[in-house]
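Here the protein sequences come in this chain order: A and B. Its first residue numbered 1, the first sequence is counted upward by one per residue in this note's numbering. Its first residue numbered 1, the second sequence is counted upward by one per residue in this note's numbering. Please read the structure below before turning to the comments.
Protein chains: 2
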Amino acid sequence: MPETTPASSADAHDSNRRTYTIGELARRYEVTPRTIRFYEQEGLLEPERRGQTRIYHDKDRVRLKLTLRGKRLGFSLAEIREVIHLYDHAPDGDERQLRRMLDILDEKRAALTQQLRDIQALQNELDDVEARCRDSLAVLSRQRASS
Amino acid sequence: MPETTPASSADAHDSNRRTYTIGELARRYEVTPRTIRFYEQEGLLEPERRGQTRIYHDKDRVRLKLTLRGKRLGFSLAEIREVIHLYDHAPDGDERQLRRMLDILDEKRAALTQQLRDIQALQNELDDVEARCRDSLAVLSRQRASS
DNA sequence: AGTCTACTTTACGTAAACGTAAGGCTACTC
DNA sequence: GAGTAGCCTTACGTTTACGTAAAGTAGACT
């Protein structure tokens, strides 16, 4: 179950050698075309052009997916762009750049680790509320039984 | 290490029966006073008033901590407020309300679960980039050795 | 030829989450 | 008693991430 969208197991199949219109991608990932164009404007996507219309390849689709994932985690588009560019132009040449990138990676990883802790903490609090709810419900049910 | 801030293990000690000024809280959690006042305006905090100045108790501090945690996870202040109010006025009376709250809890939990999946996916991608970086570095180092 | 339908650009509008400046009160402290 | 520090309110400004409307184009159907 790699996907959030209804597309289910289609991912493996239509990877590679397919193209998409903006509308197809929009429906698939439940965003508007406007959003997709905006991401392009922000340097997150670079679709091909056939005349005036945009043609999206799987590379673009994956980028979009990555972008939406980042958004769900509360990253800004600027941060997501940074990661995407990390991913795409891993600098094969310069050693200083490579080491700097490893630093950035560490930083991002730290952020994710913090998020994991945050999620755990919130889950505990939800557990707490739920327990109190169920207690209250149990009390109500007992009251009904003894009436 | 329950805390993000430098306060380290102070939490257990100064819980209960202490009060804070807005500046103290701001420094402690690395936000501005303006932010704290804004959260109050949005119904996330309800500090005591001594004359004109705000007095924060541990209850408020915990709420602030919860709020910032939610923010790090990309929740909106409106969503966070919802959770906080869940936490505070767990409706002890109405059964319908209780069941509705359990539904909301399920929903929030689902969101957190999705976040966990997102984080895993991103971590994998970071691993990927890192591996390629290290490969490149290794190549460079071999080139140097053979020169 | 006309009419959908889906794409395009341009551009102004908007909600959320604060930043920032202006002006004022209160309580030390030199 | 003049300053300085820390709090306050009011209010306008700003950034991010789009929404939404207007007007135009390009292909497919009838």
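C-beta atoms are modelled at their ideal positions from N, C-alpha and C, and glycine is treated no differently. Quick caveat: nothing in here was measured; it's all calculated off a predicted structure.
Is B:Ser9 helix, strand or coil by DSSP? Since pLDDT at B:Ser9 reaches only 39, below the 50 mark, its modelled position is unreliable, and the value read off the structure follows with that caveat. It is coil, neither helix nor strand.
Could you tell me whether the Cβ of A:Gln115 comes closer than 7 Å to any Cβ of chain B? yes
Can you pull the chain A neighbours of B:Arg69, defined as C-beta to C-beta under 7 Å? Asp118, Ala121 and Leu122
Around the C-beta of A:Thr32, are 16 or more other C-beta atoms found within 10 angstroms, so that it is buried, or is it exposed? exposed
Is it true that the stretch 61-71 of chain A meets the stretch 39-50 of chain A, where meeting means three or more beta-carbon pairs spaced less than 8 Å apart? yes
Buried/exposed call for A:Arg54, threshold 16 Cβ in 10 Å: buried
Under the three-state DSSP convention, the category B:Pro2 falls into: Because the pLDDT at B:Pro2 is just 29, under 50, the model does not fix this residue reliably, and the value given afterwards should be weighed accordingly. Correct three-state label for B:Pro2: coil.
Would B:Glu137 pass as an interface residue toward chain A - the criterion being a Cβ-Cβ separation below 7 Å? A quick correction: the sequence has Leu, not Glu, at residue 137 of chain B. Yes - at least one Cβ of chain A is within 7 Å of the one on B:Leu137.
Should the stretch 137-146 of chain A be called in touch with the stretch 124-144 of chain B, which here means at least 3 C-beta pairs below 8 Å? no
Which residues DSSP lists as bridging B:Glu48, in chain order: B:Ile55
Within 8 Å, do at least three Cβ pairs link the stretch 71-88 of chain A to the stretch 86-104 of chain B? no
Give me the Cα-Cα distance between A:Asp106 and B:Thr67, rounded to the nearest whole angstrom. 26 Å
A:Gly70 and B:Cys73 - do their beta-carbons sit closer together than 7 Å? The sequence as given places Leu at residue 73 of chain B; Cys does not occur at that position. It is not a contact, given that the beta carbons lie outside the stated cut-off.
On the three-state DSSP scale, how would you describe B:Arg18? coil
Contacting positions in the stretch 83-111 of chain A - beta carbon closer than 7 Å to chain B: Leu86, Tyr87, Ala90, Asp92, Glu95, Leu98, Met101, Leu102, Leu105, Lys108 and Arg109
Where B:Glu125 sits in the DSSP three-state scheme: helix
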